[in-house]
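What the sequence shown shows, in this note's numbering, is residues 5 to 170, in sequence order.
Where is the CB? At the ideal position from N, CA and C, for every residue including glycine.
Working notes for the structure below.
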Amino acid sequence: MKNILLTFAALLIVSATWAESPNIINGDPVSVRIVNAMNSKTQPMPSAIVDANITDVEGNILIKRGTPVQLSVEAQRARGVGKAGYLIVRCLSTTAVDGQTIFLAGGLSAYGNEREELAIGLGVGAGIVVFPFGLFCLCIKGEEAHIPSNTILTNVVIDDSYTINY
């Protein structure tokens, strides 16, 4: 009788662990598409979506294509003395088919071209010749950073392991 109870308990434990195995694992890739263009000069209000269905090994859809992705954007406008603008976009989370929040890691950064040498060269050179008007060349800004619409981020991954009920 003891052996039967122990066998039954062991089968319950094995079936419970089998049912709880995660079907989205830390490090699984997610393709994210940035929907609208971004520029470091304007305050970007980006939107992004999951670009392709995320499925388990059996083909069940866990995250649908077109699901919104929450982003964090850090933007700096181009400044004087040739300093370029930049954009840093980080993917934070998305939602699975059962409503769970799925945390993501990865993103994209874009930088404009710097014009520091041009601004300093012209500012000092023209400042000596046509003082003080030549010093206005130090106000030359670098270029703004741009991220075009429909940019696909391929370096985004799942940040934890999840069990999704589909």
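> By the 10 Å Cβ neighbour count, where 16 or more other Cβ atoms means buried, how is ASP102 classified, buried or exposed?
Replying inline: Sequence index remark: in the sequence shown, residue 102 carries index 98 (1-based). Looking at its Cβ environment, which holds fewer than 16 other Cβ atoms inside 10 Å, ASP102 is exposed.
>> Considering only the alpha carbon of each residue, which of GLN74, ALA88, VAL73 lies closest to GLN80?
In response: In the sequence shown, residue 80 corresponds to position 76, counting from 1. Minimum Cα distance to GLN80 is reached at ALA88.
> By how many angstroms is the C-alpha of ILE106 removed from the C-alpha of PHE169?
Replying inline: By one-based count along the sequence shown, residue 169 stands at place 165. By one-based count along the sequence shown, residue 106 stands at place 102. As written in the sequence, residue 169 is Asn, which differs from the Phe given in the question. Roughly 13 Å between the two C-alpha positions.
> Going by beta carbon distance, what residues of the same chain come within less than 8 Å of TRP22, once the five residues before and after it are set aside?
Replying inline: By 1-based counting over the sequence shown, the position of residue 22 is 18. Because TRP22 sits at a pLDDT of 49, beneath the cut-off of 50, its placement in the model cannot be relied upon, and the following sentence gives the value as read from the coordinates. So the list is empty, once near-sequence residues are dropped.
> Which one or two residues does DSSP pair with GLU147 in a beta bridge?
Replying inline: Within the sequence shown, residue 147 is the residue found at index 143, counting from 1. According to DSSP, GLU147 bridges with nothing at all.
> With distances taken between CB atoms, is the gap from ILE67 to VAL54 smaller than 8 Å?
Replying inline: Position 63 of the sequence shown, counting from 1, holds the residue named residue 67. Position 50 of the sequence shown, counting from 1, holds the residue named residue 54. For ILE67 and VAL54, yes; Cβs fall inside 8 Å.
>> Less than 6 Å between C-beta atoms, sequence neighbours within five positions excluded: which residues of the same chain meet that for ASN159?
In response: By one-based count along the sequence shown, residue 159 stands at place 155. Excluding positions up to five away in sequence, the list reads GLY110.
> What does GLN80 pair with, by DSSP beta-bridge criteria?
Replying inline: For the purposes of this step, residue 80 is taken as residue 76 along the sequence shown, with counting starting at 1. The partner list for GLN80 (beta bridge, DSSP) reads TYR90.
>> Once DSSP output is grouped into helix, strand and coil, what is the label at THR59?
In response: To locate residue 59, count along the sequence shown from 1; it is residue 55. Note: THR59 maps to strand in three-state DSSP.
>> At the level of alpha carbons, what is the spacing between HIS150 and ILE92?
In response: Mapped onto the sequence shown, residue 150 falls at position 146. Mapped onto the sequence shown, residue 92 falls at position 88. In a straight line, the C-alpha of HIS150 is about 11 Å away from that of ILE92.
> Do you know whose CA, among GLU147, THR155, VAL61, ALA114, lies nearest PRO26's CA?
Replying inline: Indexing the sequence shown from 1 puts residue 26 at position 22. The option with the nearest alpha carbon to PRO26 is VAL61.
> To the nearest whole angstrom, what separates the beta carbons of GLU147 and ASN43, a pair I think is in contact under 8 Å?
Replying inline: Position 143 of the sequence shown, counted from the first residue, corresponds to residue 147. Position 39 of the sequence shown, counted from the first residue, corresponds to residue 43. At roughly 11 Å, the Cβ-Cβ gap does not stay under 8 Å, so GLU147 and ASN43 are not in contact.
>> Quick check on the burial criterion: 16 or more other C-beta atoms within 10 angstroms. Buried or exposed for THR71?
In response: Looking up residue 71 in the sequence shown gives position 67. Looking at its Cβ environment, which holds 16 or more other Cβ atoms inside 10 Å, THR71 is buried.
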